[in-house]
Structure formats: C-alpha cells, structure tokens
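Respectively, the protein sequence lines represent chains A and B. So the first sequence is numbered by my numbering: it starts at 2 and just counts up by one. So the second sequence is numbered by my numbering: it starts at 348 and just counts up by one. Where is the CB? At the ideal position from N, CA and C, for every residue including glycine.
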Amino acid sequence: MTYKITVKRGKKEGVLTFKSADKTITTPCYWNASKKIPARTYTECSATTMARKKNSKGKPREAVFIPNVPGFSGIFIHLGKVPYEKWSDGCIVIPESKIIEIYKAIDPKDGKNVTVAVTG
Amino acid sequence: MRNTLIKRKLSQALIIALVVLLNACALHSGKHHDKESLANSSPQYSQLTSHQVLLGSLLGTIDIKHFFYTDQHGVKKYDELRHFKALEKIYIASLEKQPPLNHLTEKQLKTLMFFSFYATEKNSAAFLEYLAADLMTVYNSQPVDFLQTLNQLPFMIKSNCNRLNANFGFEGKNLDTKPSFLTNNKAKFQQYLSSANASTCLDAFK
C-alpha cells in the first residue's frame with residue numbers, strides 16, 4: 002500500500018491533501034518562509050514519530066519524514082499551532098488533529114511508503 | 348599442503364584476535380559513552396560510538412552499511428530516517444541530567460553544542476527546532492557551565508547563540524522576553540566568554 006501527500010503552497014499558507022485507497026484528508030499547511038524546501042516530488046517518505054517532541058497528550062509527536070531534500074536534512078511534516086510558521090525551521094506544519102489522522106492512516110510506520118509532492 | 352594448512356590456521360587465529368581486539372575497544376569506548384552508547388541499537392551501526400556517528404554525520408563519512416534499507420527491487424539504499432533516529436537518540440541522551448549534581452556534564456554540553464553546529468551546517472530542520480526549545484532551558488539551568496564550555500569552542504559560538512536567540516518566539520512562546528534576557532545575562536556573557544566570543548554571541552541576538 003502506498004500513500005500520496007500533495008502540498009500546494011501559496012504565499013503564506015497552502016493546502017495539504019493526503020490520499021490513500023479509502024481516505025482523503027485536506028488541511029491548511031504552513032512553513033517558515035525563509036526556509037522553504039524545494040518544490041519537487043519526494044519518494045520513500047515515512048510516517049514516524051519525533052522522539053524529542055511531544056504531542057498534546059505527552060506522546061512522541063506524530064510526523065511524516067521527508068528524505069533527500071536538497072539543501073536540507075531532518076525535514077518532517079508535523080503539528081503546529083497558531084502562529085504556525087513559528088513552529089518551523091524548514092518543516093511543513095499542519096494542525097495536530099490532521100497529522101494524527103494522517104499518521105494513523107499510514108501503515109506500516111517507518112515504511113518508506115509515502116510520496117510527498119510539493120508545489121508552489 | 349602442510350604450509351597451506353598452517354597459513355589457514357594462522358589466518359583464522361588472526362581474525363579471532365582482531366575480533367577480540369575490536370570488542371575490547373568497543374567495551375572500553377562504552378565506558379566513556381554509557382548514556383550515548385548505541386550498543387543496543389540495530390546491528391548496522393551498533394559498532395559506532397556516539398562521537399563517530401556525530402563526526403561522520405557532519406563530515407558525510409558515515410558508511411551506507413551503517414544506515415541502509417533494501418528497497419522493493421532488492422537494492423540497498425542509504426536510510427536517512429534511520430540515520431536521523433540514531434542522531435536523535437544521541438541528542439536525547441545529551442539532555443539527561445546526571446547524578447549526583449543533577450546537571451549536564453561538560454561532555455554533554457559539548458555534545459549539545461556540537462548539535463547546534465551540525466544542525467546549522469546541515470540545515471537540519473528538526474534539530475534546529477529541537478535546539479530552539481532545549482538550549483535555552485539548558486542555559487538557564489547551568490549558565491556558568493554553559494558559557495565556560497562554549498568559550499572553549501569558538502567555532503561553535505555563532506550557531507549556539509543563534510539557537511539561544513531562536514527561543515524567542517519559537518512555537519509562539521517568549522515573544523517579548525528577549526530584552527529582559529539580555530539585560531539579565533549580558534554581563535554573564537561578557538564575564539565568562541572572551542571579549543571576541545561575547546561580541547560574536549551578542550550579535551546573534553540582534
């Protein structure tokens with residue numbers, strides 16, 4: 002099973018869409034304007050957790066890891082809150098409820114089974 | 348025939364001796380890296396010490412054999428996520444306060460400071476974000492230790508003071524506390540950092 006995430010960036014805010022065989026999730030997304038990752042398609046991404054950061058329940062923060070990003074490393078899609086862009090040093094940020102929903106839908110975890118297409 | 352047998356026996360003995368020697372080195376190294384040891388990690392990188400992983404990550408000399416996966420076509424590929432998780436494990440260990448003083452050791456402080464340098468040089472978003480939250484907490488807990496250690500590492504001043512400054516506003520917190528932080532800490536910076544290092548550090552807050 003493979004999964005697709007598209008990130009369509011606007012000037013300050015974008016739209017992230019997750020698609021699996023039986024589920025579509027759409028949410029606003031944000032990033033740090035001064036640390037914008039290149040627009041391209043990233044394959045072999047993974048649902049995982051960030052051990053140093055916690056979600057609002059005190060558990061490791063759910064995320065999607067994006068490898069092979071030119072000029073960057075350690076890039077994730079992870080949770081944020083208002084002001085969203087202040088949660089990013091290059092990562093893509095979405096509301097917590099949405100990243101948890103996406104994380105739960107992807108199986109297996111750490112599976113390199115997600116493609117993330119970033120435009121804009 | 349007899350010579351061949353002797354050569355084979357000698358080769359086997361040499362291999363066994365090397366294995367014993369490497370294990371001894373790993374054990375010796377483990378004594379210095381208790382908290383950071385990767386000995387319980389996956390076999391691909393269990394033979395590396397924390398500092399080998401850190402330095403190899405910075406220099407790009409980590410061998411693919413330590414962090415790899417096999418893709419659906421049977422091809423072995425570099426596993427960036429696995430590499431990240433190995434670094435993350437070292438990072439978290441560097442924040443574990445040590446008894447009896449319940450503080451971070453000089454070695455842990457230096458490891459954290461190395462992470463600031465590494466994250467800046469490699470543009471590692473996750474570690475930059477981790478440090479924006481964690482480094483100020485460490486500084487506030489042990490300001491003198493922090494500054495005395497940082498003063499030994501002039502090439503890491505810029506990246507670490509940048510991460511201290513990043514705390515103001517990160518995740519929408521501490522938006523208005525920078526002026527009072529500088530008022531309360533500028534003198535400490537000037538006391539425990541050399542003049543040049545203090546100047547470099549304070550520039551990071553502008």
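- Residue 503 of chain B places its beta carbon 8 angstroms or farther from that of residue 511 of chain B.
- At a cut-off of 8 angstroms between C-beta atoms, residue 551 of chain B does not count as an interface residue with respect to chain A.
- When beta bridges are read from the DSSP output, residue 486 of chain B appears opposite no residue.
- Pairing residue 73 of chain A with residue 470 of chain B gives a Cβ-Cβ distance under 8 angstroms.
- Judged by beta-carbon spacing, residue 9 of chain A lies within the 8 angstroms limit of residue 120 of chain A, meaning their Cβ atoms are closer than that value.
- A straight-line Cα-Cα distance of about 23 angstroms links residue 7 of chain A and residue 476 of chain B.
- Taking the CA atoms as reference points, residue 16 of chain A sits about 5 angstroms from residue 30 of chain A.
- For residue 421 of chain B, not one C-beta of chain A is nearer than 8 angstroms to its own C-beta.
- Rounded to whole angstroms, the separation of the alpha carbons of residue 500 of chain B and residue 55 of chain A is 31 angstroms.
- The DSSP-derived three-state label of residue 530 of chain B is helix.
- Near chain B, meaning a CB-to-CB distance below 8 angstroms, the residues of the stretch 66-77 of chain A are 66, 68, 69, 72, 73, 74, 75, 76, 77.
- Residue 47 of chain A places its beta carbon less than 8 angstroms from that of residue 428 of chain B.
- Following the DSSP letters along the chain, one finds residue 51 of chain A inside the beta strand (DSSP E) bounded by residues 42-55.
- Non-local C-beta neighbours of residue 468 of chain B in its own chain, meaning closer than 7 angstroms and more than five positions away in sequence, comprise 405, ordered along the chain.
- Neighbours of residue 83 of chain A in chain B, taken as residues whose beta carbon is under 8 angstroms from its own, are 519 in chain order.
- Partner residues in the beta bridge of residue 118 of chain A, as assigned by DSSP, are A/7, A/42.
- A contact between stretches requires three or more CB pairs, one per stretch, nearer than 8 angstroms, and the stretch 93-111 of chain A meets this requirement with the stretch 65-83 of chain A.
- Counted as a single uninterrupted DSSP element, the stretch harbouring residue 79 of chain A is not any alpha helix (DSSP H) but the beta strand (DSSP E) occupying residues 76-81.
- Between residue 437 of chain B and residue 52 of chain A, the CB-CB gap reaches or exceeds 8 angstroms.
- The alpha-carbon separation between residue 516 of chain B and residue 478 of chain B amounts to approximately 13 angstroms.
- Bounds of the alpha helix (DSSP H) holding residue 548 of chain B are 542-550.
- With its beta carbon at least 8 angstroms from every one in chain B, residue 2 of chain A lies outside the interface.
- With respect to the 8 angstroms criterion, residue 49 of chain A and residue 110 of chain A are classified as neighbours on the basis of their beta carbons.
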